[in-house]
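Asks: One structure follows; several queries about it will come next.
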Amino acid sequence: MTRRREFLAAALAAAAPAQRKPNLIFLLADDQRWDTLGCMGNPIIQTPNVDRLARGGVIFDNNFVSTAICMTSRACFFTGLLEPSHGISDFSKPFTPEQMAATYPALLRQAGYRTGFIGKYGVGAKLPVGAFDYFEAFPGQGKYFPGGGKEHLTGIQGDQALEFLNGCSKDQPFSLSVSFKAPHVQDEDPRQFLYDPADEALYRDVTMPVPETASERHFRMLPEFLQDSEGRKRWGLQFATPEMYQRSVKGYYRLITEVDRQVGRLVTALEKRGDLDRTIIVYTGDNGYFLGEHGLSHKWYLYEESIRTPLVIWDPRLPKKLRGQRRKEMALNIDIAPTLLRAAGLEPPPGMQGRDLAPLLRGRSAGWRREWFYSHLFQHPKIPRSEGIRDTRFSYIRWIGQNPLYEELFDHTADPHNVSNLAGKAEHETTLNRLRGRWQAWRDRLAGWRPDRRWSDPAM
2 MTRRREFLAA ALAAAAPAQR KPNLIFLLAD DQRWDTLGCM GNPIIQTPNV DRLARGGVIF
62 DNNFVSTAIC MTSRACFFTG LLEPSHGISD FSKPFTPEQM AATYPALLRQ AGYRTGFIGK
122 YGVGAKLPVG AFDYFEAFPG QGKYFPGGGK EHLTGIQGDQ ALEFLNGCSK DQPFSLSVSF
182 KAPHVQDEDP RQFLYDPADE ALYRDVTMPV PETASERHFR MLPEFLQDSE GRKRWGLQFA
242 TPEMYQRSVK GYYRLITEVD RQVGRLVTAL EKRGDLDRTI IVYTGDNGYF LGEHGLSHKW
302 YLYEESIRTP LVIWDPRLPK KLRGQRRKEM ALNIDIAPTL LRAAGLEPPP GMQGRDLAPL
362 LRGRSAGWRR EWFYSHLFQH PKIPRSEGIR DTRFSYIRWI GQNPLYEELF DHTADPHNVS
422 NLAGKAEHET TLNRLRGRWQ AWRDRLAGWR PDRRWSDPAM
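So in the working numbering the end of the sequence shown lands on 461, straight run, no missing numbers.
So, in C-alpha cells, the structure goes:
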C-alpha cells in the first residue's frame, strides 16, 4: 500500500504542469543617487510609481556600485563581476564572445526567455548584433531629443517598453532591460539637464536645499588632485552659483520624475496583461551623483554620494508579511545578475562574484557580506584612479595613481558625509593597517580569479 501511494504521488508530480518561470524586468537609471526617491525619504521629489513598487516590495537602504562610472558599472550588472575581472574600464572595449555568452540576458535567452534591451547599452563603442530578441539600444551617451525632434527620449523608451510587451506571448517568459539615459546630463549642451519641456512647471516653486558640504570650506579640505579634477570642472557647469544650483537640481529631479512616469506606464501595462503578479521588477541606478557636495559634480570616487544608489525589488512571490520591508545589508551592482538568474531557476556561472539577493528578500541575513572591493581604473588625466574597501563602518580609499601614494579613511557611521580623513591619525593606525590588509587580500584573490572556478569573497 505504501509503495502504491509513493507511485501515485510520483505520477501526479510528473503529470503536474511545470510552474511558469517569472518574467523579469530590470530598470536602470543613469546617475541616480540613492536619496532621490520618495520611498528613500526625499520629501520633495515626486516618484509615486517607484514608491508603489517599494511599498509592495523590498527597499535596500545600503545599495552600492563597485565602480562609479557608467560603462564599467553596466558591465558589472551584465556579468555579476567586479571591474578587475571583467576588464571593462574604458568606453571602447566590448565584451568578448565568451563574456557576452555569460551575461544574464544571454543565459536567460538560452534558457527560453524572450529578451529585450532598450536604451543606453554602455559597453563598447559598437552595439552587439543578434544578442537580444528585441533591441532598441544606442551606443555612447545618446540624445534626449533624437534626430532633433520634439519627443523626449525618456518617453520614447517608455513607448519601446510597451512595444516589447505587446510582442510577448503568454506562453513564454520574458526578460526586459530598460537602460534610461535620464537623469544623466547632455554633456555637450550648456543647459546640461535636458528634461521634457512639458515638465517646466514641475518643482518651479520649490527651493532645493543645499547640502552642508557644498561649500568652499569643504572643497578646500579635498586633496589638491581632486581640487583640480574633472569633478570640479563640471561643478562649474552646474553648481557654481546659487541660481545654477537651483536650475540644475530641479532639472535633475524633473528627469527622475520623467523616468518614474515611464515606470508607471509599464506597471499599468503589466496589470492590463495580467502579468504584474508574475513579474519581478528591479529598479536601481548605475552610480550615484554629487549634487555639489565637496564642491564637486558627477561621480567616480569612493564617497557616499558617488557610490550609493537606490535599489527597489518588486517580487510578487513574496508573502505579504515580507512586502514593504527595508534591508540594511550592503547590496551591490554585481548582485543583480545572479539574483535574476536564480529567480529564473538558473545556476549562475561559477566565477560570478555577485550574490543572489533572494535570501534577504525572504528575511534572512546570516552570512551576508561585511565588506567589498571598489575600483575605478578608467584612464583620464583629470579623474584620478582609485581602489579601496568599504565595510560596515569604514571606507578606505587608495589613490593608486598618486606619487607618493595618498590614502583616505572615513568612519561613515560617525561621519556619513566623508568630511574628516582619519588616515595618518595615530588613534586610527590600527584600522588603517587592517583595511590596507583587506585591500591586499582582495587584490590577491582577484588576481587569481577564473571564470570556471567558484568564487568566494576573501572575507567569507
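We put the CB at the ideal spot given by N, CA and C, even for glycine.
Pull up the distance between the alpha-carbon of SER93 and that of LYS127, whole angstroms please.
Replies: Against the sequence shown, residue 93 aligns to sequence position 92. Against the sequence shown, residue 127 aligns to sequence position 126. Each residue's alpha carbon lies about 8 Å from the other.
Asks: Would you be able to state if there are at least three C-beta pairs under 8 Å between the stretch 276 to 296 and the stretch 29 to 49?
Replies: Flag = yes, the stretch 29 to 49 and the stretch 276 to 296 touch.
Asks: At 3 residues or longer, what runs of the beta strand (DSSP E) sit wholly inside the stretch 290 to 355?
Replies: Listed in chain order, the complete beta strand (DSSP E) runs (minimum 3 residues) inside the stretch 290 to 355 are 312 to 315 and 326 to 333.
Asks: Alpha carbon to alpha carbon, what distance is there between LYS121 and ALA367?
Replies: Stepping through the sequence shown from its first residue, residue 367 is reached at position 366. Stepping through the sequence shown from its first residue, residue 121 is reached at position 120. In a straight line, the C-alpha of ALA367 is about 36 Å away from that of LYS121.
Asks: Just grab the DSSP bridge partners of HIS377 for me.
Replies: Start at 1 with the first residue of the sequence shown, and residue 377 comes out as number 376. Paired residues: SER387.
Asks: Here's a check: name, in chain order, each residue in its chain whose Cβ is nearer than 8 Å to the Cβ of THR258, leaving out the five neighbours to either side.
Replies: Reading the sequence shown from its first residue, position 257 is the one you call residue 258. Excluding residues within five positions, the ones whose Cβ falls inside 8 Å are ILE46, GLN47, THR48, ASP200 and LEU203.
Asks: With a cut-off of 8 Å on the beta carbons, I'd call SER90 and LEU378 a contact; round off their distance for me.
Replies: Position 89 of the sequence shown, counting from 1, holds the residue named residue 90. Position 377 of the sequence shown, counting from 1, holds the residue named residue 378. Sure, about 4 Å apart at Cβ, within 8 Å.
Asks: For VAL250 and VAL186, what's the separation of their Cα atoms in angstroms?
Replies: If you number the sequence shown from 1, residue 250 lands on position 249. If you number the sequence shown from 1, residue 186 lands on position 185. When rounded, the distance between both Cα atoms is 11 Å.
Asks: Would GLY123 be called buried (16 or more neighbouring beta carbons within 10 Å of its own) or exposed?
Replies: Along the sequence shown, one-based indexing puts residue 123 at 122. Looking at its Cβ environment, which holds 16 or more other Cβ atoms inside 10 Å, GLY123 is buried.
Asks: Enumerate in chain order the residues of its own chain whose CB-to-CB distance from LEU25 is below 6 Å, with the five nearest sequence positions on each side excluded.
Replies: For the purposes of this step, residue 25 is taken as the residue at position 24 of the sequence shown. Once the five neighbours on either side are set aside, the close Cβ partners of LEU25 are SER176, ILE281 and LEU341.
Asks: Check the C-beta distance from LYS22 over to GLY346 and give it rounded, since I have them as a contact under 8 Å.
Replies: Taking the first residue of the sequence shown as 1, we reach residue 22 at position 21. Taking the first residue of the sequence shown as 1, we reach residue 346 at position 345. About 6 Å separates the two Cβ atoms, so the contact holds.
Asks: Using alpha carbons as the reference points, say which of PRO452, GLY355 and ARG233 lies closest to ARG221.
Replies: Position 220 of the sequence shown holds residue 221. The shortest C-alpha separation from ARG221 is found at ARG233.
Asks: Three or more C-beta pairs under 8 Å: does that hold for the stretch 232 to 248 against the stretch 311 to 331?
Replies: The stretch 232 to 248 is not in contact with the stretch 311 to 331.
Asks: What's the call for GLY141, buried or exposed, on a 16-neighbour Cβ count within 10 Å?
Replies: Along the sequence shown, read from residue 1 onward, the residue named residue 141 stands at position 140. Classification for GLY141: exposed.
Asks: Helix, strand or coil: how does DSSP classify ASP445 here?
Replies: Taking the sequence shown and counting its residues from 1, the one referred to as residue 445 is at position 444. Reduced to three states, the DSSP call for ASP445 is helix.
Asks: Confirm, please, whether the CB-CB distance from ILE308 to VAL59 is below 7 Å.
Replies: As a working note, residue 59 is residue 58 in the sequence shown. As a working note, residue 308 is residue 307 in the sequence shown. Taking 7 Å as the Cβ cut-off, VAL59 and ILE308 do not qualify as a contacting pair.
Asks: Is the beta carbon of SER178 closer than 7 Å to that of PHE27?
Replies: As a position in the sequence shown, residue 27 is number 26, starting the count at 1. As a position in the sequence shown, residue 178 is number 177, starting the count at 1. Yes, the Cβ-Cβ distance between PHE27 and SER178 is below 7 Å.
Asks: Is DSSP giving ASN404 helix, strand or coil here?
Replies: As a first step, residue 404 must be located in the sequence shown, where it is residue number 403. Three-state result, ASN404: coil.
Asks: Output the distance between the C-alpha atoms of TRP450 and TRP440, rounded to the nearest integer angstrom.
Replies: Position 449 of the sequence shown, counted from the first residue, corresponds to residue 450. Position 439 of the sequence shown, counted from the first residue, corresponds to residue 440. Each residue's alpha carbon lies about 15 Å from the other.
Asks: Three-state secondary structure (DSSP) at GLU468?
Replies: An answer regarding residue 468 cannot be provided, because it is not within the stretch 2 to 461 covered by the chain.
Asks: Can ARG343 and ASP357 be called in contact, C-beta distance under 7 Å?
Replies: Translated into the one-based positions of the sequence shown, residue 343 becomes position 342. Translated into the one-based positions of the sequence shown, residue 357 becomes position 356. Yes, Cβ-Cβ distance for ARG343 and ASP357 is below 7 Å.
Asks: When you compare the CB positions of TRP236 and SER170, do they come within less than 7 Å of one another, or not?
Replies: For the purposes of this step, residue 236 is taken as residue 235 along the sequence shown, with counting starting at 1. For the purposes of this step, residue 170 is taken as residue 169 along the sequence shown, with counting starting at 1. In this structure, SER170 does not lie closer than 7 Å to TRP236 by Cβ.
Asks: Please classify THR414: does DSSP put it in a helix, a strand, or coil?
Replies: Numbered from its first residue, the sequence shown carries residue 414 at position 413. Coil at THR414, not helix or strand.
Asks: Alpha carbon to alpha carbon, what distance is there between PRO174 and ARG318?
Replies: Locating residue 318 in the sequence shown gives position 317, counting from the first residue. Locating residue 174 in the sequence shown gives position 173, counting from the first residue. Near 15 Å, if we compare the C-alpha coordinates of PRO174 and ARG318.
Asks: How about ALA55 and VAL283: do their beta carbons lie closer than 7 Å?
Replies: Numbered from 1 along the sequence shown, position 54 holds the residue referred to as residue 55. Numbered from 1 along the sequence shown, position 282 holds the residue referred to as residue 283. Not in contact: ALA55 and VAL283 (Cβ atoms no closer than 7 Å).
Asks: For HIS396, write down the residues that DSSP places opposite it in a beta bridge.
Replies: Taking the first residue of the sequence shown as 1, we reach residue 396 at position 395. Residue identity check: residue 396 is Ser in the sequence provided, not His. Bridge partners of SER396: ARG391 and PHE411.
Asks: On the DSSP letters alone, give me the boundaries of the beta strand (DSSP E) that GLU152 sits inside.
Replies: What you label residue 152 is simply residue 151 of the sequence shown in a count that begins at 1. No beta strand (DSSP E) holds GLU152; DSSP gives it neither H nor E.
Asks: Spell out the partners DSSP gives GLY61 in its beta bridges.
Replies: Indexing the sequence shown from 1 puts residue 61 at position 60. A small fix is needed here, since residue 61 is Phe in this sequence, not Gly. Partner(s): ARG328.
Asks: Which residues in the same chain have their Cβ closer than 6 Å to the Cβ of GLY534, if we skip the five residues on either side of it in sequence?
Replies: One cannot answer for residue 534 here, as it falls past the ends of the chain, which runs 2 to 461.
Asks: Which partner residues of SER178 appear in the DSSP bridge assignment?
Replies: The sequence position of residue 178 within the sequence shown is 177, counting from 1. DSSP output for SER178 lists PHE27 and PHE118 as bridge partner(s).
Asks: If you count every other CB in all the chains shown that lies within 10 Å of the CB of THR155, and 16 or more means buried, which is it?
Replies: Your numbering for residue 155 matches position 154 in the sequence shown. Buried: at least 16 other Cβ atoms inside 10 Å.
Asks: Just to confirm before moving on: does the CB-CB distance between PRO351 and ARG455 stay below 7 Å?
Replies: Stepping through the sequence shown from its first residue, residue 351 is reached at position 350. Stepping through the sequence shown from its first residue, residue 455 is reached at position 454. In this structure, ARG455 lies closer than 7 Å to PRO351 by Cβ.
Asks: Should LYS182 be labelled buried (16 or more other beta-carbon atoms within 10 Å of its own) or exposed?
Replies: For the purposes of this step, residue 182 is taken as residue 181 along the sequence shown, with counting starting at 1. By the neighbour-count rule (16 or more Cβ atoms within 10 Å), LYS182 is buried.
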